[in-house]
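If you read the sequence shown in the working numbering, its first letter stands for residue 240, the second for the next number, and so on. Beta carbons: idealized from backbone N, C-alpha and C, even for Gly. This report refers to the structure that appears directly beneath it.
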Amino acid sequence: MTAAMLDSAAGSRPKAYASSIRRPEAKARRASLASRGGVPAPGHGRSAAAMVKAAGAAPARRTGTGGTAGKRRAAQAGAAARTAVRRSAAGSPPARQAVRRAMRPEERASASASREAELGLPELRGSLSVIISARNEERTLPGLLRQVQRLNPAEIIVVLNGCTDNSYGLTRMFKRATVVHCPESAGHDVGRALGAKLSRGDILLFLDGDMVIPASQLAVFASAVDGGVDVALNDLDALLPSFALSDDVTRCKLYLNSVLGRSDLGVSSMTAVPHALSRRALERIGYRELTVPPKAQALSIIEHLRVEKAGKVDVIKHNRLRQGNTGAGNAMEQLIAGDHAEALFRVLMHRNASGMISAEHLQEQRRQLAAWRNGL
């Protein structure tokens, strides 16, 4: 309300009556001019700060019933305008940045994911099964599930592998999710095999519950398989240093792809998520082999399946640090190195059985592999 309106509300009854007659006429004239583009509607284009100033410009008179009502209306108008100012300030870039800085990392990732997921997502011809492995991921799992739902999958399978937090209770809130609850840990990567065994979709998208990835980025992997790729891998080459500065896990991935004649894949590996498989690939290599991702990748290439890089998701930056995956020679590093050794052994067996190498050559390659693994 303006100061003039407050004064008129506090005046004599004849003035108020005359004002009530003139007000509809003035309103009609303003509406007519506004429809012709001549005069903006009342309050249009005025900032919230100006509304507060106008509302508090002149106090209501203290005499009579009209004064009390005027004060009440003035207070209500001022409060509403101040609320508008607060909302306006909260929406300003500096305010949004301050709010963002106050968020926890997982909250920032979830907010960013929500904005990106508003973008249009491609339509898939085949049905999509999303398989999420999780262990104590109550902070990030709900945000990831919200992004996954935007893909409109045929099914969401969440394998909770030895969770001791509230991951189970939070996942149960998502009615579309099928929950496989293993109270005791079944082993690393076993969740992928369990989920694949239960899945029915044409496209299988594998994720871990420890990070929120926008739906727009996840859709790239599903679309690649929908377009004919059998194994769609995450491209991490640009995020890693040169070979001389790489860690042992990165070198294992590079070496396996090189042995398989697929140096073009770089460090791309089924060890990393996101990645996606076609139903044909799953049937060809078998769901059990997914418990050793590098071996499954080697079998895919041996079986002449179409294995390609599909998207680029920075899982290195957002990877959750745990006691078992930090420090040189940590348990996770040893596990992945062992998986790659098993994959290499499978490649050597295949080449020996197909007559590609002699027994002597096979023995020499094993010796070289052992020397390389032991850093000699």
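As a quick exercise: from the options, pick the residue whose alpha carbon is nearest that of residue i.
| i | options | result |
| --- | --- | --- |
| Lys492 | Asn400, Pro381, Glu572, Glu376 | Glu572 |
| Ser372 | Phe413, Asp428, Gly408 | Asp428 |
| Ile395 | Arg374, Ala435, Thr403, Leu363 | Ala435 |
| Val451 | Lys556, Glu542, Ala549 | Lys556 |
| Ala477 | His514, Val552, Val546, Arg431 | Val552 |
| Asp404 | Glu522, Pro422, Leu390 | Pro422 |
| Leu583 | Arg518, Leu446, Ser497, Pro513 | Ser497 |
| Val554 | Val546, Leu516, Ala511 | Ala511 |
| Ala461 | Glu599, Arg606, Val387 | Val387 |
| Ser438 | Arg389, Ala515, Glu581 | Ala515 |
| Gly430 | Ala458, Val531, Ala580 | Val531 |
| Val459 | Gly577, Leu363, Glu603 | Leu363 |
| Ser517 | Leu499, Arg389, Ala463, Asn391 | Ala463 |
Would you give the residue range spanned by the alpha helix (DSSP H) that residue i belongs to?
| i | result |
| --- | --- |
| Ser497 | 487 to 498 |
| Glu581 | 570 to 592 |
| Pro533 | 532 to 541 |
| Pro381 | 380 to 388 |
In terms of DSSP beta bridges, what is residue i paired with?
| i | result |
| --- | --- |
| Leu516 | Leu443, Val470 |
| Val546 | Val470 |
Taking the beta strand (DSSP E) that residue i belongs to, which residues open and close that run?
| i | result |
| --- | --- |
| Leu367 | 367 to 373 |
| Leu399 | 394 to 400 |
Please go through the same chain and pick out, in chain order, the residues whose beta-carbon is closer than 7 Å to the beta-carbon of residue i, but skip the five residues on each side of it.
| i | result |
| --- | --- |
| Ala535 | Met509, Ile524, Glu528, Leu529 |
| Ser406 | Ala373, Asn375, Glu376, Glu377, Leu380, Leu399 |
| His420 | Leu399, Tyr407 |
| Ala520 | Asp469, Val470, Ser539, Leu544 |
| His589 | Ile541 |
| Leu495 | Pro533, Ala537, His579, Ala582, Leu583 |
| Asp465 | Leu363, Arg364, Gly365, Ile442 |
| Thr304 | Because Thr304 sits at a pLDDT of 43, beneath the cut-off of 50, its placement in the model cannot be relied upon, and the point is left open. |
| Leu499 | Ala537, Ile540, Val586 |
Tell me which residues share the same chain as residue i and place their Cβ nearer than 6 Å to its Cβ, disregarding the 5 neighbours each side in the sequence.
| i | result |
| --- | --- |
| Gly440 | Ser366, Leu367, Ser368, Ala393 |
| Thr410 | Val397, Ala416, Val418 |
| Leu384 | Phe413 |
| Lys548 | Leu472, Asp474, Ser507 |
| Val488 | Glu572, Ile575 |
| Leu446 | Ile371, Val512, Pro513 |
| Leu504 | Asn496 |
Given residue i, which residues of its chain have a CB within under 8 Å of its CB, disregarding the five upstream and five downstream residues?
| i | result |
| --- | --- |
| Ala425 | Asn400, Gly401, Leu433 |
| Met412 | Pro381 |
| Gly448 | Ile371, Ser372, Ala373, Arg374, Glu376, Thr379, Leu380, Leu383, Val397, Ser406 |
| Leu479 | Ser485, Thr489, Val506, Ile555 |
| Gln607 | none |
| Arg501 | Ile540, Val546 |
| Gly550 | Gln456, Val459, Phe460, Ala463, Ala471, Asn473, Asp474, Pro513 |
Consider the Cβ of residue i: report whether some Cβ of chain B lies at a distance smaller than 9 Å.
| i | result |
| --- | --- |
| His589 | Reference to chain B is not applicable here, since this structure consists of a single protein chain. |
Entirely enclosed alpha helix (DSSP H) segments - the stretch 409 to 475, minimum 4 residues
Runs found: 429 to 437, 454 to 465.
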